[in-house]
Structures are given as C-alpha cells and as structure tokens.
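A.B. asks:
Residue numbers (the numbering used here): 45 to 237.
#1: Cβ atoms of residue 125 and residue 114: under 8 Å apart, would you say?
#2: Does residue 114 come out as helix, strand or coil in the three-state DSSP assignment?
#3: Taking the continuous beta strand (DSSP E) assigned at residue 123, which residues delimit it?
#4: Considering only the alpha carbon of each residue, which of 129, 123, 219 and 95 lies closest to residue 108?
#5: Indicate the three-state DSSP secondary structure (helix, strand or coil) for residue 231 in the structure shown.
#6: In whole angstroms, what is the alpha-carbon distance linking residue 197 and residue 223?
#7: Sort 218, 220, 123 and 194 by Cα distance to residue 208 and report the nearest one.
#8: Keeping to the same chain, check which residues put their C-beta closer than 7 Å to that of residue 185; ignore five residues upstream and five downstream.
#9: Let me know the secondary structure DSSP gives residue 190 once reduced to three states.
#10: Beta-carbon within less than 8 Å of residue 227's beta-carbon, same chain only, minus the 5 sequence neighbours each way: which residues are those?
#11: Leaving out five residues on either side along the sequence, give the residues of the same chain with a beta carbon under 7 Å from the beta carbon of residue 236.
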C-alpha cells in the first residue's frame, strides 16, 4: 500500500510545528517490522470499525411524549399513554424508526405510516385515514382498509405493531391482565365511563 510515496513499512511521526524536522522510522529495517506494521494497521482499522459501529448504540433517545396520543377516529377516542406502554428502549416498539427519530416532529396523523408499514413497497408519509388507506370507520368492517383493523389486527407482519398484537403478547405471560388488555368494553382501551 502506498501513501504519498511512502511504503507500508514506513511509520511517519510528525512532531509539533515548532520543531524543524520530521522523523521517519523505517520499520522494515527491524526484524519483523513489516509484520508489525500490518498488525498495527489491522488493529487500527478494527478499532475504528468497532467504534463507528458502536456509536449509534450510544445515541441519545428522544424523550417520550408526556401527553397521551389521541386516536379519535373511533366512537369514543382511544388514548395511548406512553408512560404505561413504554420500555427504556424506544426501538422495541419503534423498530423501523431511524435512531434519530425525525418523524416525531411530523404531524401526529403522519406518524403512523412512518412507523407501521410501507404502502405498495414505497415509503409514503400521509395520514393513516387518507383516502384509499384506512378510511373506513365502521367498526363492523374488518377489511384491511378499515381503521378498526390497524388497532385490532393480531396477524400483523413481523416488525409491525397493532394494539392487540402487543396486548396478546403481554397476556401470554400475564394472564391476569386479559380483561384489562383485550376486552372490547371495560378495558384499558375502551373504559366504560
């Protein structure tokens, strides 16, 4: 490998600018110098790669919304309080979100599409209830275009979430929560008040 006319077995040590010379150490003159240089280069590249891959893990997560998200396209609005649902790791629910979460700045109506699915294989940001998407608000309609289905589907594709798909996962390990999490009336989602 050549770097500005220097062979890979040359280590260039640059000293502070107040000195009037640059020292060059030819490692090839020492026994095993080239092997040492290759190991040093490999170690340096490995360390650089490890640090660059670990940086996203230490990226700061956004603060969770303090106010509940309101889903108002139902007979009675359903409130989604993050305080109850959240885990310390946002990506557990928002697995398709980028680490810096720019969609949180979007209009609330636009956030669903960014998190939950692509439309026709393309990332189209629009309100879930836009014409041609989940624009059927009759709770008796269970088709894929119904607004009811985006909250109640249990057979969602891997990586996507619906309210009930998560609630049934919780009930598997905590059966005492079944009425609270999965009932139509008198549940946490649909209180009787």
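The beta-carbon is built from N, C-alpha and C at its ideal position, and this holds for glycine as well.
Treat the numbers as computed from the prediction; the structure is a model and nothing was measured.
C.D. replies: Working from what's here:
#1: Taking the first residue of the chain shown as position 1, residue 114 is located at position 70. Taking the first residue of the chain shown as position 1, residue 125 is located at position 81. No, they are not a contact pair.
#2: Within the chain shown, numbered from 1, the residue matching residue 114 stands at position 70. Strand.
#3: The sequence position of residue 123 within the chain shown is 79, counting from 1. Here the beta strand (DSSP E) through residue 123 covers 122-124.
#4: Start at 1 with the first residue of the chain shown, and residue 108 comes out as number 64. Nearest of 129, 123, 219 and 95 to residue 108, Cα basis: 129.
#5: Along the chain shown, read from residue 1 onward, the residue named residue 231 stands at position 187. Coil.
#6: In the chain shown, counting from the first residue as 1, residue 197 sits at position 153. In the chain shown, counting from the first residue as 1, residue 223 sits at position 179. Straight-line Cα distance between these residues: approximately 17 Å.
#7: The count along the chain shown starts at 1 and reaches residue 208 at position 164. Comparing Cα positions, the closest option is 194.
#8: Within the chain shown, numbered from 1, the residue matching residue 185 stands at position 141. Here the set comprises 192.
#9: In the chain shown, counting from the first residue as 1, residue 190 sits at position 146. In the structure shown, residue 190 sits in a strand (DSSP, three-state: E or B).
#10: Start at 1 with the first residue of the chain shown, and residue 227 comes out as number 183. Cβ within range, chain order: 234.
#11: Translated into positions along the chain shown, residue 236 becomes position 192. Correct list, in chain order: 229 and 230.
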